[in-house]
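Residue numbers (our numbering): 4 to 103.
For every residue, glycine included, the Cβ atom is placed at its ideal position computed from N, Cα and C.
Here's the structure, in structure tokens; my notes come after.
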Amino acid sequence: DSWGGWSISGGTVTNPGIWSYEGVAHIRKYEIQTDTTSQGSAEKITKEIPHLEEHLLRNLDRNGVVRLGSWVETGDILVGKLTPQIASGLSSNTAFHRIL
Numbered sequence: 004d005s006w007g008g009w010s011i012s013g014g015t016v017t018n019p020g021i022w023s024y025e026g027v028a029h030i031r032k033y034e035i036q037t038d039t040t041s042q043g044s045a046e047k048i049t050k051e052i053p054h055l056e057e058h059l060l061r062n063l064d065r066n067g068v069v070r071l072g073s074w075v076e077t078g079d080i081l082v083g084k085l086t087p088q089i090a091s092g093l094s095s096n097t098a099f100h101r102i103l
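Okay, structure coming up:
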């Protein structure tokens with residue numbers, strides 16, 4: 004198959020305007036996976052992450068995934084993912100540090 008003489012096997016056809024926009028350097032695709040812990044609890048994708056300040060979650064949509072078109076930088080949270088853990092007699096201070 005070809006489009007305008009170019010082979011697009013395994014490629015992507017895009018609007019040329021996207022490449023003239025100064026903010027676009029590259030496009031990447033990521034997948035999110037959740038697992039079940041050894042205790043049988045499921046991981047959860049959410050924006051509701053305890054012990055994190057709201058400004059750290061500013062780019063996440065209501066589902067806990069970075070909003071399309073958000074300006075993100077190194078260190079920004081792209082996915083809010085909670086992994087349940089059983090507190091085994093830990094002090095609240097130790098449990099808090101374990102969350103971090």
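When DSSP labels each residue in this structure, what does residue i get in the three-state scheme?
i	result
P87	coil
L63	strand
E57	helix
T39	strand
L103	Summary for L103: the model assigns pLDDT 49, below 50, so the residue's position carries little reliability; its value from the coordinates is reported in the next sentence. Residue state, collapsed to three classes: coil.
I believe residue i touches residue j by the beta-carbon criterion, under 8 Å. Please report the beta-carbon distance rounded to the nearest angstrom.
i	j	result
L85	K47	5 Å
P87	S44	4 Å
Keeping to the same chain, check which residues put their C-beta closer than 8 Å to that of residue i; ignore five residues upstream and five downstream.
i	result
I35	I48, V68, V82, K84
R70	N62, L63, D64
E57	none
T37	A45, E46, K47, I48, K84
For residue i, which residues from the same chain have a beta carbon less than 6 Å from its beta carbon, with the 5 sequence-adjacent residues on both sides left out?
i	result
R61	none
I52	G83
Does the separation of the CB atoms of residue i and residue j fall below 8 Å?
i	j	result
L63	I80	yes
Whose C-beta lies closer than 7 Å to the C-beta of residue i among residues of the same chain, with five residues either side of it excluded?
i	result
E76	none
L59	I80
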